[in-house]
Each structure stands twice: as structure tokens, then as C-alpha cells.
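Chains as they are written, first to last, in our numbering: chain H, 144 to 424; chain U, 144 to 424. Read through the structure below, which is laid out as C-alpha cells, and then see the notes.
2 protein chains.
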Amino acid sequence: MQFNEFYSGRTGLTVGINKVLFSEESPYQKVEILETDTWGNMMTIDGMVMLSEKDEFVYHEMLAHVPMFAHPKPRRVLIIGGGDGGTAREVLRHPMVEHVDMVEIDETVVRAAKQFMPDVGDFNNPKLHVHFEDGIAFVERVSEPYDVIIIDGSDPVGPAVDLFSENFYRSCYKALSSQGVLSSQTESPWVESYHPAIRKLFRSLDTIFEVSRMYLAFIPLYPSGMWSLAFASKGIHPHDSEVMDRVVKGTTSMDASLQYYNPEVHQGSFALPGFVREILR
Amino acid sequence: MQFNEFYSGRTGLTVGINKVLFSEESPYQKVEILETDTWGNMMTIDGMVMLSEKDEFVYHEMLAHVPMFAHPKPRRVLIIGGGDGGTAREVLRHPMVEHVDMVEIDETVVRAAKQFMPDVGDFNNPKLHVHFEDGIAFVERVSEPYDVIIIDGSDPVGPAVDLFSENFYRSCYKALSSQGVLSSQTESPWVESYHPAIRKLFRSLDTIFEVSRMYLAFIPLYPSGMWSLAFASKGIHPHDSEVMDRVVKGTTSMDASLQYYNPEVHQGSFALPGFVREILR
């Protein structure tokens, strides 16, 4: 059996599947866990790859560590989405973290991940608090601010569409502390149908935040293998010298767990090819 | 019709094909040109994607401009392989270039590219000299040295297998002038079956050259979308300040033609994720 995900006409990814381990139509979306031939178990939502056990480290390390090291003292962290638990796992490696709220709209995602991808999450960590509710409503009523907010949603269709809206990012800005930092996944620059959504998102960030930048990661099971992410903050630049000092020190002490992220990658990932810059123009 | 190229079990790329425009079994390999639904015409050799008209700029800009800007005065350039003409086209954008020898073993590749990808090559340029012969033998008998040598071969199977050998790189070293620079394509870090070949190649470069480094590019139609390349030189570091000055000046003057390469990308492409560094250890 082959799983296919097309992103440009009939071009895309094909993955060899041994069997379907889990398939459930939740109130929000179709969640499946497929046993692949060489990538371990793989989660899809509405037919789009979310993660495989083998390549998930790239996405989760890059989404979590870039903002976490940018903040000088990240104690309170909010994750919107991220139901597989991988982003929270990377956040919880930072020793300063005291409290992580993870707001996942769909309990099906967490249940499937806990059962079929037990090594991805760190759900028993007492610092982690999982809430099954709408992340957008959650952000709007935050009273105690967060140091870092991470948007770990799926593609801008279905329940995640509002995670690309300006209003949502205004709420995030308000929910952040004075040195607050945010990251978000922002699709592949090669998927032309998402260019308007990507452009709109970065224009919103540019309007709302003092600093906003795109960065990139190589993710083999995502469309085209090239993935973009957003960094935004109330003033911290993503690789000024103080941030880079923290990255160098911090990665040295957590080195054994890191398979992708390191100081050179932190900095190099902000280098954008010409055609990617054009999308943002 | 779908074209498939697997790189890990039954995982890989799938591309929608309208029709087969060219298919010929040469003395060396099977060369095909397929009309795709969204990537223009695409060339495959023995079932492996070489380039599409839409994404070829990434590979050719990164393989050519990184070594070309590293050299202070690249007048004579040798390209081994590169029969589609894209690497030579990018080399010829550098105004200092006086003479380019392109040594392609298989005239079928050039013939197919000229007919079905007319915008990729710059074959009428009087500075370009095409030789249909074995690149390895050609390098061994070079008398007038080259400033830059670019290895633009296919995967280390079939006629390109010796392009990954230590002897070949020793010949390249001898064929380079005193400030000589070399680049080569070195496969995807995600294709585990090629790890021994990649490791051996970089060990050879490390033994033979004063400076050798890996760099990376996002190529959507190559396996995994993550591609590695090699930089080697007789002493020039790939992003010391003199090189970066040349890159900044040079890209400003050729800006309109560049869709991927720029100064930040030149530098950032040398940042290697942890799992890639592990392959080289």
C-alpha cells in the first residue's frame, strides 16, 4: 500500500505503508496512524503528513529551540496545537521552564500519539498541562502572560485556518510578557497555493510585532522537503550576540538529545533564498 | 501517469507526467525527458531525476556560484558531467571567465537537453567548449590548470561511480591552479544507502585538499528535498571576509538572474544539522 500527498498537481510524496494502525473521524478532522516501511509510525490529519517517528526531530527541534533560546528566561510557555507532544518535549528540555500549557483542540490527536508514538511526547512531565479546547479562544482570555508562545498547528485549512489570521496574532502579542517570543509553522515556500496565506501571515507579524523573520528547515516527509517557520518577538533579534551566547551554552549542555539544531543551524536557517524572499514581498 | 523515485523503502517522490517526450538507451544509461504537469520538462537518467525546468535553478546556482565566488579570479573552469548545460550557464555569468571546458561522457544528455530544455543551457556561448568523453580520463591529462573544477555527475552508480573515488579527486587537485577551488554534488543526507559513499568522498577531500566542507540546498525533486554538496580548495575558506565581499558585490550585479543564491544563503548553506555531521564522523 502507498500513501500519497500531492502539493503541486500530482507531484508530492509517496510512502510505503505496511498497515493502518489507527483511523478515526473526530469532530474536527480525520486522524490516522500508518505503519510505514522505513519511517516508523506516521500520523496524518485529513490526508496530510503531520510527523513520522523517524523525522519528527527536525520540526520539533526547530519550532521549539529557536524561540526558547531567544528568550533570556523562558519560564512560562504556551503551545497551541502540538497534540503529538513533540514540541512540548523539546520545550521541557530547557531547565528554566516552570509551566507549559498545551492547548490542543482535538483529544483524538493526543490519544493516537500516546498509543502509537509513545516516545514522541513527554506527557507525564508534571510541568506539562494539556487542555483540550480551542487555542484561539484560550489565547484571548490569558491573564498571566507567557514568555514564549509556539503555534504548532496543521495546514491553513479546516480547524487551523484561523491560526493564520491577524486577529489571532494580536491576541498572542497581548498574551506575551514584555520580552515575549513567538514561533509558528508557516508551510512550504514551494506550495504556491499557500503563498497568499504565508504572505498575509508575515505581513500581520510585521505589523504587530517589533521583530519578525522567516526561517527554514529540511523536513523530508513534508511537501517539497523545504519548510518555513516564523519567528516574532517584542524586540529580541533571533541571532544577536546575547542569543547566540545562550544557544552555544545551552546546546552544549543538551547536546546528546539534539539531532538537528545547533548554533550554526540556528543562525543559518534564517538565510532565505531569493525566490522565498519574493513570496514575502 | 505517475513517475516514482524511491529513496528509502517505498518512500520517495511521485510526479504527474503528461507524456514521455524522449527515451533513449545510450551506451551508458537510459536518458528520458518527461513532460510533467507542473514542473515543465524533467530529465531522468536510469529512473533518477536529474532536473526539471522549474526547480533546476537551485542545484545549478548552488553548485556553480559557491566555488566561482570563492575564487578571486576564475578564468578557466572545468565542468565534469553537467550535460544539461545549467551549471555552465551559471558559470558563464561570471564576467572574468574566459574558457569553460565541459566534459560530458554521454552526448545523448546534451542532445536531449538542447531539444527539450532549450532555456537551461547556454550552448552557443563561444567561451563554452563541450567534449564528449570520459571526465576521469580528461582530468588525468590536463596540462593547463583550471581555477575552478565542478563535478556535476549523477548518483554513484553506473558511469558516475568513479566520480566518488579518491584517485579522481587527486587528479582534480593536480589539475587545479594554485588558488584552485572545487565543488561537487554529494547526494542526500537522508539516503542511508549512500552514507558510506558520502563519508568516503569527504574523507578523500579532507586528505587531499587544504580546505573541505559540506554545504546544503533545498531541491524539491531530489530525494528527501535535502541535497549536499562539497566545497574544497587549496586554501580559500568558503566564507572568509574576502570571499563574502566578492559574493556581495557579484550578486548585486547579477541579481536579476539569481533565484536562490545570495550572500546569506552562501554562508548559511554551510550550517550542518547534527545528524548530517554524524554522517561525516
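All residues carry an ideal CB built from backbone N, CA and C; glycine is no exception. Only a predicted model underlies this, so the values are computations on that prediction, with no experimental measurement involved.
Count the other CB atoms within 10 Å of the CB of residue i; is the residue buried (16 or more) or exposed (fewer)?
i: T329/U; result: buried
i: A399/H; result: exposed
i: G411/U; result: buried
i: D305/H; result: exposed
i: P261/U; result: exposed
i: G378/H; result: exposed
i: T350/U; result: exposed
i: S367/U; result: buried
i: M369/U; result: buried
i: P215/H; result: exposed
i: S384/U; result: exposed
i: A373/U; result: buried
i: V161/H; result: In the sequence on display, residue 161/H carries Asn and not Val. With fewer than 16 Cβ atoms within 10 Å of its Cβ, N161/H is classed as exposed.
i: D298/U; result: buried
i: D244/H; result: buried
i: P238/U; result: exposed
i: S396/H; result: exposed
i: S421/H; result: This sequence places Glu at residue 421/H; Ser is not what is there. Exposed, since its Cβ has fewer than 16 Cβ neighbours within 10 Å.
i: R346/U; result: exposed
i: H272/H; result: exposed
Kindly list, in the order they appear in chain U, the residues whose Cβ is closer than 9 Å to that of residue i.
i: A207/H; result: Under the 9 Å cutoff, chain U gives no residues; its nearest Cβ is about 15 Å from A207/H.
i: N405/H; result: A414, L415, P416, G417, R420
Quick one: grab the DSSP three-state call for residue i.
i: D198/H; result: coil
i: S169/U; result: coil
i: A414/H; result: coil
i: R420/U; result: helix
i: Y358/H; result: strand
i: Y404/U; result: coil
i: E175/U; result: strand
i: I279/H; result: helix
i: V263/H; result: coil
i: S151/H; result: strand
i: R232/H; result: helix
i: V246/H; result: strand
i: R284/U; result: coil
i: T329/H; result: coil
i: I379/U; result: coil
i: M397/H; result: coil
i: F307/U; result: helix
i: G190/U; result: coil
i: R346/H; result: helix
Give the single residue among the options whose Cα lies nearest to the Cα of residue i.
i: V285/U; options: V246/U, G393/U, D198/U, E168/U; result: V246/U
i: G393/U; options: D305/U, N147/U, P406/U; result: P406/U
i: F146/H; options: G152/H, F165/H, T187/H, E168/H; result: T187/H
i: D277/H; options: V263/H, L156/H, G226/H; result: G226/H
i: S321/U; options: V291/U, W370/U, S308/U; result: V291/U
i: F200/H; options: L401/H, G183/H, F413/H, F418/H; result: L401/H
i: L156/H; options: E148/H, T179/H, K162/H; result: E148/H
i: Y171/H; options: G296/H, K162/H, L164/H; result: G296/H
i: L177/H; options: Y316/H, I341/H, W333/H, A255/H; result: A255/H
i: L221/U; options: F275/U, H242/U, G228/U, G264/U; result: H242/U
i: E335/H; options: Q258/U, G417/U, K197/U, V163/U; result: K197/U
i: E250/H; options: T181/H, E167/H, L423/H, E283/H; result: E167/H
i: P217/H; options: H338/H, L235/H, G228/H; result: L235/H
i: M357/H; options: P363/H, P381/H, Y337/H; result: P381/H
i: V158/H; options: G152/U, A414/U, V163/U, G159/U; result: G152/U
i: E287/U; options: A318/U, E309/U, P269/U; result: A318/U
i: A280/U; options: I293/U, Y150/U, F311/U, H338/U; result: F311/U
i: K343/U; options: R424/U, K270/U, V386/U; result: R424/U
i: Y325/U; options: M185/U, F266/U, A375/U, Y403/U; result: The amino acid at residue 325/U is misidentified as Tyr; the sequence shows Leu. Of the candidates M185/U, F266/U, A375/U, Y403/U, the one whose C-alpha sits nearest the C-alpha of L325/U is A375/U.
i: V163/H; options: R389/H, N184/H, T154/H, Y150/H; result: N184/H
i: Y289/H; options: I223/H, I341/H, G190/H; result: I223/H
i: Y337/U; options: P363/U, F307/U, E353/U; result: F307/U
i: Q258/H; options: H272/H, A213/H, E175/H, V273/H; result: E175/H
Just the chain H side, please: which residues come within less than 7 Å of residue i by C-beta, in chain order?
i: T181/U; result: S151, G152, T154
Report the neighbours of residue i on chain U: residues whose CB is nearer than 7 Å to its CB, in chain order.
i: G368/H; result: F361, P363, S367, G368, M369
Any heavy atom of the ligand GTP inside 7 Å of the beta-carbon of residue i?
i: D305/U; result: Of the ligands one can find in the structure shown there are none, so the ligand GTP has no counterpart to examine.
- Query: What residues in the segment 145-163 of chain U have a beta carbon less than 8 Å from any beta carbon of chain H?
  - Reply: For the segment 145-163 of chain U, which is checked against every Cβ of chain H, the residues closer than 8 Å are Q145, N147, F149, S151, G152, R153, T154, G155, L156, T157, V158, G159.
- Message: Please identify, using Cβ separations under 8 Å, the residues of the segment 256-281 of chain H that lie next to chain U, in order along the chain.
- Response: Answer set for the segment 256-281 of chain H: empty.
- Near-chain H residues of the segment 409-423 of chain U (beta-carbon distance less than 9 Å), N- to C-terminal order: If the cut-off is 9 Å between Cβ atoms, the segment 409-423 of chain U has H409, Q410, G411, S412, F413, A414, L415, P416, G417, F418, V419, R420, E421 near chain H.
- Message: Give me the subset of the segment 218-239 of chain H whose CB atoms are less than 8 Å from a CB atom of chain U, sorted by chain position.
- Response: Per Cβ criterion, the list is empty.
- Give, in chain order, every residue of the segment 372-403 of chain H whose Cβ lies closer than 7 Å to some Cβ of chain U. Correct list: L401, Q402, Y403.
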